[in-house]
Amino acid sequence: MSMTRRDAMTVLAAGCSAALIAGSARADDPSPGDDFLIWKPAGDRAWCAIGSGGNSTLLKGDGAAVLIDCKNAPYGPCLRRESLRRAPSLAMVINTHHHGDHTGGNHAFSSDVEIVAHDKCTDRVLGQMHRYISQMKEAASQLSEGDGPVVRRVREEALSLYKRVEKLKETEFVPRTTFSATREIDLPGIKATMHHLGDGHTDNDLVIHVHDRNLLVVGDLLFHKMHPFVDAASGADIAGWQSCLRKCLDLCDARTVVVGGHGDVADASAIKTQIAYFDKLREFVDKALREGKTRGEIGAMRMPGYGTYGLDRLASSGLLAMHDHLAGEPAADDRDAAKPAGR
Ligand SMILES: [Zn+2]
10 MSMTRRDAMT VLAAGCSAAL IAGSARADDP SPGDDFLIWK PAGDRAWCAI
60 GSGGNSTLLK GDGAAVLIDC KNAPYGPCLR RESLRRAPSL AMVINTHHHG
110 DHTGGNHAFS SDVEIVAHDK CTDRVLGQMH RYISQMKEAA SQLSEGDGPV
160 VRRVREEALS LYKRVEKLKE TEFVPRTTFS ATREIDLPGI KATMHHLGDG
210 HTDNDLVIHV HDRNLLVVGD LLFHKMHPFV DAASGADIAG WQSCLRKCLD
260 LCDARTVVVG GHGDVADASA IKTQIAYFDK LREFVDKALR EGKTRGEIGA
310 MRMPGYGTYG LDRLASSGLL AMHDHLAGEP AADDRDAAKP AGR
């Protein structure tokens with residue numbers, strides 16, 4: 010559903026029709042030994058699950074909870090189970106953007122939880138079923154039966170999903186509710202605002218500002234200590250990205266907990282570092298162009314000072330996007346070569 014009447018609206022007040030799912034485990038007894046995902050604290054009654062796709066952030070309120078992003082497709086059931094273990098009443102799932110490592114697990118929630126995203130997320134999700142299927146194939150080969158019962162269960166879930174691949178419906182992955190600019194979350198114990206701050210990592214990025222926790226979830230606008238994926242084919246705009254990050258900084262103070270789409274839980278300094286990364290990228294590529302380097306040569310280069318950064322395979326996406334921007338060339342559609350399956 011696309012909201013066209015107004016950009017700012019309040020949804021999901023206490024007692025409204027949002028589906029609440031009951032989990033069986035005690036919320037305050039997460040039993041981390043049973044977890045497949047790596048759960049880290051992200052401030053007051055909030056956790057960040059790292060790995061198996063992009064970061065997922067869980068907010069626990071008073072009898073309600075919100076989950077932000079759903080990892081790769083095979084891990085949806087696992088994410089659901091481990092989220093409910095911590096926060097037994099899930100009222101809303103939010104996708105920070107359409108990339109498959111943030112929406113793949115939507116199928117585990119879409120039957121009974123409202124999934125919220127930006128207007129432009131839906132069509133992009135519909136166009137990437139092949140990415141979800143690739144994720145299923147990868148998981149089936151990577152997860153080993155011999156790695157204990159927790160891994161075995163996730164492997165069985167991945168295989169089960171892959172077995173019904175022919176019957177998968179696109180509607181299992183698409184958000185149910187979308188909006189274009191700003192939307193409030195008003196749930197018991199969770200007061201937050203979702204913002205679309207402009208084109209940045211994609212054309213459908215959302216930032217979730219959880220006022221009552223001083224927590225800011227920025228999705229893939231932040232790759233913390235990793236090379237960012239610049240997905241020009243999905244509307245990525247490096248100048249716009251930096252503008253979005255500056256607007257994010259305006260929402261932060263020295264104590265704000267910041268969760269990006271990849272990497273550990275951070276603070277506002279990580280946002281400043283991401284802005285600086287793009288400044289340095291611009292200088293680096295500009296110098297290479299003046300030295301007569303070709304597009305291909307620039308894509309194969311690496312900026313000095315970032316040797317410890319993760320996701321090296323994504324570095325070319327930024328170099329090429331910056332080349333195209335500075336050289337005034339139309340974006341070449343070689344992003345598929347630069348990005349891993351599922352993004
Ligand atoms: Zn992304």
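Numbered per my numbering, the sequence shown spans residues 10 to 352.
A virtual CB, placed ideally from N, CA and C, is assigned to each residue, including glycine.
No experiment lies behind these values; they were computed from the predicted model shown.
query = Using the rule of at least 16 other Cβ atoms within 10 Å of the residue's Cβ for burial, across every protein chain shown, is residue 83 buried or exposed?
reply = Stepping through the sequence shown from its first residue, residue 83 is reached at position 74. Label assigned to residue 83: buried.
Among 71, 157 and 163, which has the Cα closest to the Cα of residue 90? To locate residue 90, count along the sequence shown from 1; it is residue 81. Comparing Cα-Cα distances from residue 90 to each of 71, 157 and 163, the minimum goes to 163.
- prompt: Taking one C-beta from the segment 261–270 and one from the segment 307–314 each time, how about it: are there three or more such pairs within less than 8 Å?
  reply: no
Which residue spans inside the segment 218–277 form an unbroken alpha helix (DSSP H) run of at least 4? 247–259
Measuring only from the beta carbon, is residue 287 closer than 7 Å to any heavy atom that is part of ligand 1? To locate residue 287, count along the sequence shown from 1; it is residue 278. No - ligand 1 has no heavy atom lying nearer than 7 Å to the Cβ of residue 287.
Q | Residue list, Cβ distance to ligand 1 heavy atoms smaller than 5 Å | A | 108 and 229
### Message
Would residue 272 and residue 235 be called neighbours here (beta carbons separated by less than 8 Å)?
### Response
Residue mapping note: residue 272 aligns to position 263 of the sequence shown, counting from 1. Residue mapping note: residue 235 aligns to position 226 of the sequence shown, counting from 1. Result yes, Cβ atoms of residue 272 and residue 235 sit closer than 8 Å.
Scan the segment 130–184 and note each continuous alpha helix (DSSP H) run of 4 residues or more that stays entirely inside, going in chain order.
130–135, 138–151 and 158–172
Express the C-alpha separation of residue 326 and residue 338 in angstroms, rounding to a whole number.
Working through the sequence shown from its first residue, we reach residue 338 at position 329. Working through the sequence shown from its first residue, we reach residue 326 at position 317. One C-alpha to the other measures close to 15 Å.
**Q.** Nearest neighbour of residue 322, chosen from 237, 192 and 287 [CA to CA]
**A.** What you label residue 322 is simply residue 313 of the sequence shown in a count that begins at 1. Residue 237 is the option with its Cα nearest to residue 322.
Taking C-beta to C-beta, are residue 329 and residue 298 nearer than 8 Å? In the sequence shown, the residue the question calls residue 329 occupies position 320. In the sequence shown, the residue the question calls residue 298 occupies position 289. Contact: no.
- Buried versus exposed call for residue 129 [16 or more other C-beta atoms within 10 Å across all chains shown]: Start at 1 with the first residue of the sequence shown, and residue 129 comes out as number 120. Flag for residue 129 reads buried.
Taking contact to mean 3 or more Cβ pairs, one atom from each stretch, closer than 8 Å, check whether the segment 54–66 and the segment 171–178 are in contact.
no
When the cut-off is 8 Å and only beta carbons count, does residue 90 lie next to chain C? This model lacks chain C altogether; it includes just one protein chain.
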